[in-house]
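Residue numbers (my numbering), protein chains in the order written: chain A, 282 to 497; chain B, 282 to 497. In what follows, a structure is listed as structure tokens, so that the remarks can point back to it.
2 protein chains.
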Amino acid sequence: MGKRKDKKALILDAMEKIISDGNAEGCSVDEIAKVAGIGKGSVYYYYRSKREIEMDLYFRTFGGFVERCQNIPETEIKAMEKLKALFKTYYDQALGLSLDSYLHLPQNMDMHQKVLALLVESITPILSKILKQGVEEGVLDCDAPDEFANIFVCVFAFLFDPGIFTLNVDETLNKLSAFAEVMERALKAKKGSLSFMRDKDFLLSLKKSSIWFQLD
Amino acid sequence: MGKRKDKKALILDAMEKIISDGNAEGCSVDEIAKVAGIGKGSVYYYYRSKREIEMDLYFRTFGGFVERCQNIPETEIKAMEKLKALFKTYYDQALGLSLDSYLHLPQNMDMHQKVLALLVESITPILSKILKQGVEEGVLDCDAPDEFANIFVCVFAFLFDPGIFTLNVDETLNKLSAFAEVMERALKAKKGSLSFMRDKDFLLSLKKSSIWFQLD
């Protein structure tokens with residue numbers, strides 16, 4: 282079992298390297314096997330296609346990211362600070378830039394949608410926990426934390442995805458600013474308590490900003 | 282020009298019939314030409330692939346739907362009634378059931394995402410107009426109607442799409458109910474003024490409910 286896991290890891294590491302190097306488009310299972318340093322037959326023992334390798338790589342990367350997010354509700358800080366920490370972890374960031382960009386290629390839309398749905402389903406319970414804590418602390422008001430969390434995470438995942446909507450700097454800032462207001466009002470939070478979502482310096486410190494703001 | 286337009290319409294009509302009949306999977310350009318009653322060469326004069334025909338069919342169907350929605354802000358009724366009318370038109374519905382189901386097949390995810398993005402971009406300005414009217418009537422409060430509209434339409438398009446998230450009856454009702462509350466609070470609307478969104482009888486009267494509630 283240990284060995285099997287190692288070979289799978291080798292294949293996924295190879296796929297990750299190929300995507301990072303910008304060589305994933307048109308690359309064959311043969312080439313993946315070569316980079317992994319194993320035979321093509323071995324690759325086909327674990328995966329039926331390149332697409333399956335790619336999806337599994339996204340699941341693996343994703344698992345690490347969700348784990349980092351899951352730690353946030355368990356820390357000893359206030360709910361509003363946890364909201365900021367989750368926002369930061371989410372955009373600093375889920376997948377890393379090269380995996381993110383690869384996902385946004387037109388031919389990878391099928392994979393993209395699956396990853397976004399998985400993202401929403403994984404992050405919703407984490408945000409819900411934080412909302413519940415905010416209610417207990419008396420800084421938020423919300424009777425249906427699971428559903429509210431689900432709605433908010435949906436907006437983060439889809440509306441701010443550069444692979445779905447073309448965004449420019451001003452539009453992104455305006456949308457984030459409006460969304461901060463929607464969330465503050467919906468949660469009856471103190472006005473300005475989510476202002477980090479529209480703080481340009483804070484946003485520029487996040488890795489995702491290089492995509493949002495077309496920095497290099 | 283007239284003739285060209287007619288041939289294109291024949292091709293799209295054929296594609297629509299094939300999808301309605303449940304025969305679109307694996308159907309070839311040859312078969313589309315046969316149903317359209319024209320030569321295969323003629324089809325290739327207008328379209329490079331079956332995918333292009335399908336996309337164009339969605340654009341055409343979509344155009345009619347968006348037009349029906351665009352008429353709503355121009356009517357003589359109150360803003361809150363227009364919100365209900367838009368909701369009803371949206372779910373009663375954008376594409377028709379067979380086109381909707383076809384879009385939700387795993388192999389059509391690329392097309393699905395394009396259609397959803399187009400949906401959000403088309404409906405946002407319509408909802409924004411209605412929000413502005415509500416502000417003028419003094420029943421809504423909102424400084425950024427374009428952005429608020431964009432956020433709300435994003436939730437409608439993605440979170441309630443059975444092709445992205447698996448929904449059951451209770452989850453759908455809970456989510457719609459929570460979303461009505463999020464919107465009411467975010468827009469400072471009277472409590473209960475969006476209660477049609479959680480009214481089961483009203484929802485069951487919409488064509489989309491047969492997908493949401495797994496009727497039929």
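Backbone N, C-alpha and C define an ideal beta-carbon position, used for all residues, glycine too.
Alpha helix (DSSP H) segment containing residue i, residue limits
{"i": "V436/B", "result": "From DSSP, V436/B is part of no alpha helix (DSSP H); its letter is neither H nor E."}
{"i": "I445/A", "result": "Segment: none, I445/A is in no alpha helix (DSSP H) and carries neither H nor E."}
{"i": "N352/A", "result": "K331 to E355"}
{"i": "G473/A", "result": "No alpha helix (DSSP H) contains G473/A, which DSSP labels as neither H nor E."}
{"i": "D381/A", "result": "L378 to L384"}
{"i": "D482/B", "result": "K481 to L485"}
{"i": "M361/B", "result": "A360 to Y372"}
{"i": "Y326/B", "result": "K321 to Y327"}
{"i": "G415/A", "result": "M390 to E417"}
{"i": "A317/A", "result": "V310 to A317"}
Proximal residues of chain A, C-beta to C-beta of residue i below 8 Å
{"i": "A425/B", "result": "N455, S458, A459 and E462"}
Nearest to residue i (by Cα), restricted to the options the options
{"i": "D442/A", "options": "L412/B, N455/B and Q394/B", "result": "Q394/B"}
{"i": "S301/A", "options": "V316/A, N431/A and D287/A", "result": "V316/A"}
{"i": "S382/A", "options": "K298/A, L364/A, G444/A and A470/A", "result": "G444/A"}
{"i": "L386/A", "options": "D294/A, A305/A, L457/A and R479/A", "result": "A305/A"}
{"i": "A430/A", "options": "R479/A, S409/A and P354/A", "result": "S409/A"}
{"i": "S490/A", "options": "D422/A, G473/A, D451/A and K472/A", "result": "D451/A"}
{"i": "A290/B", "options": "V310/B, V324/B and I404/B", "result": "V324/B"}
{"i": "L380/B", "options": "F477/B, M296/B and G473/B", "result": "M296/B"}
{"i": "V401/A", "options": "F439/A, D424/A, C423/A and D422/A", "result": "F439/A"}
{"i": "P354/B", "options": "L454/B, Y372/B and I404/B", "result": "I404/B"}
{"i": "L475/B", "options": "G377/B, A360/B and G303/B", "result": "A360/B"}
{"i": "M464/B", "options": "M478/B, M336/B and I407/B", "result": "M478/B"}
{"i": "K298/A", "options": "D427/A, L378/A and T453/A", "result": "L378/A"}
{"i": "L338/A", "options": "P406/A, A425/A, N455/A and I292/A", "result": "I292/A"}
{"i": "Q351/B", "options": "E462/B, T370/B and Y328/B", "result": "T370/B"}
{"i": "A459/B", "options": "S330/A, Q388/A, F433/A and N455/A", "result": "F433/A"}
{"i": "E333/B", "options": "D424/B, K472/B, N389/B and T356/B", "result": "N389/B"}
{"i": "Y372/A", "options": "I358/A, T356/A, S309/A and R349/A", "result": "R349/A"}
{"i": "D287/A", "options": "G307/A, Y327/A and N449/A", "result": "Y327/A"}
{"i": "N455/B", "options": "E428/A, E357/A and A314/A", "result": "E428/A"}
{"i": "K472/A", "options": "S309/A, D294/A, V436/A and L421/A", "result": "L421/A"}
{"i": "D294/B", "options": "S309/B, C308/B and E335/B", "result": "E335/B"}
{"i": "D424/A", "options": "I411/B, G419/B and E462/B", "result": "E462/B"}
Within chain B, partners of residue i - CB distance below 7 Å
{"i": "A467/A", "result": "V463, R466 and A467"}
Where residue i meets chain B, residues with beta-carbon distance less than 9 Å
{"i": "M361/A", "result": "Chain B residues near M361/A: none, gap ~18 Å exceeds 9 Å."}
{"i": "M390/A", "result": "M390, D391, M392, H393, Q394 and K395"}
Below-8 Å beta-carbon distance, residue i vs any chain D residue
{"i": "S382/B", "result": "This model lacks chain D altogether, as its protein chains are A and B."}
Legend entry - Near-chain B residues of the segment 393-406 of chain A - C-beta to any C-beta below 8 Å: H393, Q394, K395, L397, A398, V401 and E402
Inset, instruction - Below 7 Å between beta carbons is the criterion; list the residues of the segment 420-450 of chain A that meet it against any residue of chain B, in chain order. - result: A425, E428, F429, N431, I432, C435, V436, F439, L440, I445 and F446
Inset, instruction - Kindly confirm or deny that the segment 384-400 of chain B and the segment 382-396 of chain A touch, where touching means at least three C-beta pairs closer than 8 Å. - result: yes
Inset, instruction - Taking 8 Å as the threshold, find out whether the segment 308-322 of chain A comes into contact with the segment 344-355 of chain A through three or more Cβ pairs. - result: no
Inset, instruction - Report yes or no: do three or more beta-carbon pairs, one from the segment 466-479 of chain B and one from the segment 412-427 of chain B, lie closer than 8 Å? - result: yes
Inset, instruction - Examine the Cβ distances between the segment 354-369 of chain A and the segment 469-485 of chain A and report whether three or more of them are shorter than 8 Å. - result: yes
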